[in-house]
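I have placed the structure first, in the form of C-alpha cells, so that the comments after it can refer back to it.
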Amino acid sequence: MDYDFREIEKKWQKQWADDKTYKVTEDPDKPKYYVLNMFPYPSGAGLHVGHPLGYIASDIYARYKRLKGFNVLNPMGYDAYGLPAEQYAIKTGQHPAVTTNENINHYREQLDKIGFSFDWDREVKTCDPHYYHWTQWAFEKMFNSYYDNDLQKAQPIDKLIEHLETKGTEGLNVAQSDNTLSFTAVEWKAMDDKQKSEALMNYRIAFKGETMVNWCAGLGTVLANDEVVEGVSIRGGFPVVQKKMSQWCLRTSAYAQRLLDGLDTIQWSDSIKDTQRNWIGRSEGTEVEFSVKDSDVKFTIFTTRADTMFGVTFMVLAPESEYVQQVTTAAQKAGVDKYLNYVKSRTELDRMSDHKVTGVFSGSYAVNPFTGDNIPIWISEYVLAGYGTGAIMAVPAHDSRDYAFAKHFNLPIIPLIEGADVSEESFDAKEGIVMNSPREGHKSIDGFSLNGCTVKEAIAKTKKFVTEKGIGRVKVNYRLRDAIFSRQRYWGEPFPVYYDNGIPRMVPGQYLPVELPEITEYKPTDNGEPPLGRAKKWAWDTVNNQIVENTRIDNKTVFPLDLYTMPGFAGSSAYYLRYMDPHNDKALVSKAADEYWRHVDLYVGGTEHATGHLIYSRFWNKFLHDYGVSCEEEPFQKLVNQGMIQGRSNFVYRANELSTADKPVFVSFGQRKNYQDVTPIHVWINLVKNDILDTEAFKKWSPEYANAEFIFEDGSKSADGAEGKYVCGWAIEKMSKSMYNVVNPDDIVRDYGADTLRLYEMFLGPVEASKPWDTNGIDGCFRFLKKLWALFWDNRTDKFLVDDAEPSKDSLKSVHKLIKKVTQDTEMFSYNTSISAFMICVNELGQQKYHNRTLLSDLVVLIAPFAPHIAEELWHQLGNTTTVCDAKWPAWDERYLVENEMQMTVSFNGKARFQKMFAADADKDTIGKETLADDRCAKYMEGKKVIKVIIVPGRIINIVVK
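Quick note on full-length UniProt numbering: the sequence shown kicks off at 1 and runs consecutively.
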C-alpha cells in the first residue's frame, strides 16, 4: 500500500470537519490550556509559506497539550479592517466587505489544507457587527470612566462628578490631560453642559483632544507611525505631514506603571520586555520652572538630573510646543516658520531614529532659576512635545544629543564633574565629584552649591532644594503616550457617538452596535470630511433610538453621528476574550467562560507588535479587569515570537552591451564577469529548479523576453543552436511579490502534502529564528514520511507489517529515547531537533526490522502533532476507532535508556586511530587490558615500547609509545 498523501489528507480533513474533532467546550474535569495566534489580516494575495510558520508551531503545541490530557482552546479569526481593502474600494468602487470576505474565504481554504486544529465554531471577524458591538461597548465604558491614581484603577465617571459637585478639583488625584485645571464646586455647578463636557474630557479614559498626528492627504486619513516611512505612506507613497487635529484618544498613559509592573509576572523574552520597558519609559526626576526674560511667559522642564542646572547653556522647545509662538521674536519669525514647515514632514519615529542636527533660534532667552543667567531658547525636532513637558534644559557636557547640538551651533559646553573629559564618550558622568556648581564668578540662589558632592549626593540635594524653594517638584514621568484612536476612513468600526450641539454623547448601550452605513464612494468628501460624510443616513434619533436620514437632523432630538472610525488595533485589543465566548449576545464574555479559560497560556506572533498591539491589548485588558470583565490582569502568560521565513530569490543577468530592446541577451551566472555592463533581474522562482533556468518557460513568462537569447554556463550560445545550461544567481531576501520569490503553500501541499509542509517549516531551524526557504530541501522531509510509512507497509507485497512480536532491546531503546527527546524538545519549542530525532529513530527501526504494535503506536502518537494526517491514517490502520487526537501521550521508561556499553576512541600518541566498545561499568584496568589485546593495536605498537596508557572512562584512551 503506497503512501498516497493526497487521498489521506483529503479524507481526514473532511472527517475532522464532519466529526467536529476540534470543537472545544468548557470541561471542569480537565485542566485548560489556551493557545492563540495573532490573527491575520486577510490580504488579496493569500498566504505564502512564511505566514503559517507561527500557526504550525502553535498547532503542534496545542495538539501536544491535548494528548497530554488538557482541554485545549485553539481558535482562529481575522483582523478584517484595514487600508488595503479601502484603497481597493476607492479604485474599483467595490464595497470593502466584498473583497474582505472573498479574501477570508481564500485564507480559510488555505488554512484548512494545512490541517490546523482550529475550533472554527469560535471564528471571529473584526468587521462583523456582532463582534464590533463589544469594541463599541468597551469604548463607551472607557468614555464613562476616569483613572483614580490612589486606587490605581478605573472608576465610573459618575463618582468623579460627585466629587466635583461637592469639592471641585480639590483633593483629586486622577489621571488627566491638563494638570493645571482647577475649579471649585461652585464654579462646577455654574458651568453649562458644554463647559462640563469639556472639563470632563480632561479626565475620561476615552477622550477627545487636540493632538499631533501623521496626516496623509493622499489617503485622507491619519496614519500610525508604523504606516509611515521617510515622510511618505507605506501604502501608496503619499506625503505625510504632522498636523494638530481633534482626535479620539485612549488614556493609556494612566496605566503606565501597571504595564511596567505586569512585565515581571509573565513569561516573555527579555528582549520584548526590554522593548516595552523602553517604550513606556519610566524616569524619576524633577520638574523645574523657567521664566522667559522680559516676559510673563514661564514654562516647565522635566529632568532626571536636576543636579546639572549649573551646566545648562541653552534651552530647547519641541516644534509643536505652544510656547514656540510666544517666545519667537519678530526678527526670528521667518526662520522659525520655515523650520516648522520642514518639521511637519517628519514623523516622531523619524525624529527619534534620525540623529541629524537641525534647529533654529527663537530670539528669546530663559532665566536659569539657580543662577539668573540668560540662556538662549532654541527650537529643535530632537525634542518631542509628548514626552515630559515638550521643553528641555540642555547640558551638552553630559548629554549626547545636547552635545551634538551645541557643537553644531557653536554653543558653550561646561563640564560639571571633576576630571570629566568632555567628549562623545563621557556624557553619562554619574560618578565623581561635582565642580563648577556654581561656576566661578557666578551667583546662585541663597549661595546654593553642589561643589564637593558626589553625583548621587548632588541629585538628592537638588531635589530637596527645588521642592523647598517652590521652583519645582519631584515627579515620575513616562514616555508612553495616550493612544490616538481616530481614523478618517470608512472601513473600520464606527464610533457609537452623536453630537448634541457639539457635545459628544454615547448611543445607549442596549442599541449597539452602530453599524457602518452604505455609501457610494469610499474617499473623503469634496469639503475634506471623512468618507462617512457621504452617508445619507447617518444621524441618531434620540426619541426612537435608531439611525435615521441626515435630512431629519434638527439638533433637538436628531443629531449627527461621528464621522471617524476606530483604528485597526481597536478590534484586536480584546479578541482573545471574545474567543472564550464568541456567541454571547449579552456580554463580551460570560463570567463562567472567563473564569474557566482565564488568560492565554501561549501566544504566538511576530516581534513587530511589541510596541503596538501588545501594549494596547494589555492596557485594554487591565481596564476590563478593573471592572471585573476579565478575571486576569495580564492577558498573555507566555509569548513566543516566531521568526521570518525568507525567500530564496533567483536572478538572470542581462548583458546590456549585447541586448536590444526587442532581443535581450542573458548571460549565465559563471559568464557574467566576462561582460562589463550586466544587470541582475529577479526571475520567478517557479521557472528555476536547483538554480537552473527553464529558458523556454522564461521566454513565455513575459512578452519582453519572448525573443531572449542566452549565453550558457559553458559559454555556448542559444543563438548558435546550443542547448546548454543557464545557471541563475540567488540571494536570501524577504518574501515579496516584487521579487518573484513568494512560495504558495498550496503548491507545496499539492506536490508533497500538508504533513511535509508542516515538518519542513519546523525543520528549517528554531521557531524564533529567521531562516531561508529553499524548496530544493523539502524532499528530505517527504522521504522521511515515506520511510515512516514503510515501517507499517511493505509496498512491494502490499503487506501490513505490524505484529505483536516481542520488541528487541534496541527497538525499545530507540523508541523510548525518542519519547524522552520529543517530549522535552516540544516543551521548549525545539521542533527542529524533535524532527531530527524522528528521522534517526525511523532509520534505526527500519534497520532493526522490528514492527511491534505497541512501539509503533507510541511512534504514531508522537508524530501526530507534527504530521497529523499520516498519524491519523496509521492510527486507524493499527485498529483504533477513535481519533489519534484523543490518544495518550506516551511516557518513557528510563530502564530502556540505560547504556550497557560505551564507545571510546583509542589514540596513539594523541592521534585517534579506531573506536572500541566496552561494558558500561568497565574499570580502567579492564579497559586497558582489553584495548592492548585488540588486534588493531598491533600495527601501531610494532617495534615500539608502551610508555604509559592514559584512560578516562567514557572519554579517552591514549597509548603513549616510543
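Built from N, CA and C at the ideal position, the CB exists for glycine as well. Given the structure is predicted, the values throughout are model-derived calculations rather than measurements.
Inset, instruction - Given a cut-off of 7 Å, decide if TYR55 and ASN37 are closer than it, judged by their beta-carbon atoms. - result: In the sequence shown, counting from the first residue as 1, residue 37 sits at position 37. In the sequence shown, counting from the first residue as 1, residue 55 sits at position 55. Yes, they are a contact pair.
Legend entry - Short Cβ contact (7 Å threshold) for LEU878 with SER907: Here residue 878 corresponds to residue number 878 of the sequence shown, with the count starting at 1. Here residue 907 corresponds to residue number 907 of the sequence shown, with the count starting at 1. No.
Inset, instruction - Determine the direct distance from the alpha carbon of LEU172 to that of ALA185, and round the result to whole angstroms. - result: In the sequence shown, the residue the question calls residue 185 occupies position 185. In the sequence shown, the residue the question calls residue 172 occupies position 172. So the alpha carbons of these two residues sit roughly 12 Å apart.
Inset, instruction - For THR881, I'd like the list of residues in its chain whose CB is within less than 8 Å of its CB, leaving aside the five on either flank, ordered along the chain. - result: Position 881 of the sequence shown holds residue 881. Answer for THR881: no residue qualifies.
Inset, instruction - With GLN247 as the anchor, note down where its beta strand (DSSP E) starts and where it stops. - result: Here residue 247 corresponds to residue number 247 of the sequence shown, with the count starting at 1. Counting along the chain, the beta strand (DSSP E) containing GLN247 begins and ends at 241–250.
Legend entry - Status (buried if at least 16 other CB within 10 Å, exposed otherwise) for THR25: The residue given as residue 25 occupies position 25 in the sequence shown. With fewer than 16 Cβ atoms within 10 Å of its Cβ, THR25 is classed as exposed.
Legend entry - Per-residue DSSP class, three states only, for TRP620: Counting from 1 along the sequence shown, the entry for residue 620 is found at position 620. Here TRP620 sits in helix by DSSP.
Legend entry - Neighbourhood of LEU83 by C-beta, 6 Å cutoff - its chain only, sequence neighbours within 5 removed: Numbered from 1 along the sequence shown, position 83 holds the residue referred to as residue 83. The residues are ARG235.
Legend entry - Buried versus exposed call for GLN915 [16 or more other C-beta atoms within 10 Å across all chains shown]: If you number the sequence shown from 1, residue 915 lands on position 915. Label assigned to GLN915: exposed.
Inset, instruction - Look at the Cβ atom of SER630, then the Cβ atom of LEU624, and state whether they are nearer than 7 Å. - result: Reading the sequence shown from its first residue, position 630 is the one you call residue 630. Reading the sequence shown from its first residue, position 624 is the one you call residue 624. Result yes, Cβ atoms of SER630 and LEU624 sit closer than 7 Å.
Inset, instruction - Over the uninterrupted beta strand (DSSP E) stretch that includes CYS216, give me the two end residues. - result: Position 216 of the sequence shown holds residue 216. Run containing CYS216: 206–216, per the beta strand (DSSP E) assignment.
Legend entry - Start-to-end residues for the beta strand (DSSP E) that takes in ARG654: Here residue 654 is taken as the residue at index 654 of the sequence shown, counted from 1. First-last of the beta strand (DSSP E) with ARG654: 645–655.
Inset, instruction - Identify the continuous alpha helix (DSSP H) that holds ASP746 and give its terminal residues. - result: Walking along the sequence shown from the start, residue 746 turns up at place 746. That run of the alpha helix (DSSP H) goes 745–752.
Inset, instruction - Consult DSSP for PRO807 and reduce its assignment to one of helix, strand or coil. - result: Stepping through the sequence shown from its first residue, residue 807 is reached at position 807. Coil.
Legend entry - Helix, strand or coil at GLU440 according to DSSP, with G and I counted as helix: In the sequence shown, counting from the first residue as 1, residue 440 sits at position 440. Reduced to three states, the DSSP call for GLU440 is coil.
Inset, instruction - Starting from LYS638, follow its DSSP beta bridges and name the residues at the other end. - result: Walking along the sequence shown from the start, residue 638 turns up at place 638. According to DSSP, which records beta bridges pairwise, LYS638 is partnered with GLN267.
Legend entry - Best match in ARG401, VAL960, ASN650 and LYS771 for proximity to LYS53 [C-alpha to C-alpha]: In the sequence shown, the residue the question calls residue 53 occupies position 53. Checking the displayed sequence, the identity of residue 53 turns out to be Leu instead of Lys. For LEU53, the nearest C-alpha among the options comes from LYS771.
Inset, instruction - List the whole-angstrom C-beta distance separating TYR616 from HIS682, where the pair is believed to meet the contact cut-off of C-beta under 8 Å. - result: Position 616 of the sequence shown holds residue 616. Position 682 of the sequence shown holds residue 682. Incorrect: roughly 37 Å between the Cβ atoms, too far for contact.
Legend entry - Where ASP594 falls, given that 16 or more other Cβ within 10 Å makes a residue buried: Taking the first residue of the sequence shown as position 1, residue 594 is located at position 594. Buried, by the Cβ-count rule.
Legend entry - Residues that residue 966 bridges to, as DSSP identifies them: This structure cannot settle anything about residue 966, because the visible part of the chain is limited to 1 through 962.
Inset, instruction - With distances taken Cα to Cα, identify the nearest neighbour of TRP540 among GLY533, TYR499 and SER572. - result: Numbered from 1 along the sequence shown, position 540 holds the residue referred to as residue 540. When only C-alpha atoms are compared, the closest one is TYR499.
Legend entry - Whole-angstrom distance between VAL815 and GLU899, CA atom to CA atom: As a working note, residue 899 is residue 899 in the sequence shown. As a working note, residue 815 is residue 815 in the sequence shown. Those two C-alpha atoms are separated by around 14 Å.
Legend entry - CYS885 to LEU759 span [Cα, whole Å]: Your numbering for residue 885 matches position 885 in the sequence shown. Your numbering for residue 759 matches position 759 in the sequence shown. So the two alpha carbons sit approximately 18 Å from each other.
Legend entry - For ILE681, three-class secondary structure by DSSP: Position 681 of the sequence shown, counting from 1, holds the residue named residue 681. Three-state DSSP puts ILE681 in a strand.
Legend entry - N- and C-terminal bounds of the alpha helix (DSSP H) containing SER117: Locating residue 117 in the sequence shown gives position 117, where the first residue counts as 1. Element bounds for SER117: n/a, residue is neither H nor E.
Legend entry - Contacting residues, own chain, Cβ-Cβ under 6 Å from MET123 (five flanking each side not counted): For the purposes of this step, residue 123 is taken as the residue at position 123 of the sequence shown. According to the sequence provided, residue 123 is Glu. The question's Met does not apply to it. Closer than 6 Å at Cβ, skipping near neighbours: GLY77.
Legend entry - Close beta carbons around ARG6, own chain, < 6 Å, minus the five adjacent residues each side: Stepping through the sequence shown from its first residue, residue 6 is reached at position 6. Once the five neighbours on either side are set aside, ARG6 has no close Cβ partner at all.
Inset, instruction - Verify whether the separation of the beta carbon atoms of MET566 and GLU493 is less than 7 Å. - result: On the sequence shown, residue 566 is found 566 positions in, with the first residue counted as 1. On the sequence shown, residue 493 is found 493 positions in, with the first residue counted as 1. Contact flag set, yes.
Legend entry - Boundaries of the alpha helix (DSSP H) in which PHE784 is found, first to last residue: To locate residue 784, count along the sequence shown from 1; it is residue 784. First-last of the alpha helix (DSSP H) with PHE784: 779–790.
Legend entry - Span of the alpha helix (DSSP H), counted from its first residue to its last, around ASP500: In the sequence shown, the residue the question calls residue 500 occupies position 500. Run containing ASP500: none in the alpha helix (DSSP H); it sits in the beta strand (DSSP E), 497–500.
Inset, instruction - Can you tell me which of THR304, PHE238 and THR679 puts its alpha carbon nearest to the alpha carbon of GLY285? - result: The residue you call residue 285 lines up with position 285 of the sequence shown. Selected option, being the one with the closest Cα: THR304.
Inset, instruction - List the endpoints of the continuous alpha helix (DSSP H) containing ALA306. - result: Mapped onto the sequence shown, residue 306 falls at position 306. Where ALA306 is concerned, there is no enclosing alpha helix (DSSP H), given that its DSSP letter is neither H nor E.
Legend entry - Own chain, CB closer than 6 Å to HIS599, minus 5 neighbours either side, in chain order: Sequence index remark: in the sequence shown, residue 599 carries index 599 (1-based). These residues qualify, in order along the chain: GLU632, PRO635 and GLN637.
Legend entry - Chain-order list of residues whose beta-carbon lies under 7 Å from that of ASP27 (same chain, five-residue window excluded): Looking up residue 27 in the sequence shown gives position 27. The residues are ASN71.
Inset, instruction - Just mark VAL952 as buried or exposed, buried being the case when its beta carbon has 16 or more other beta carbons within 10 Å. - result: Position 952 of the sequence shown, counting from 1, holds the residue named residue 952. Label assigned to VAL952: exposed.
Legend entry - Bridge partners - PRO494, DSSP secondary structure assignment: Start at 1 with the first residue of the sequence shown, and residue 494 comes out as number 494. Partner(s): THR565.
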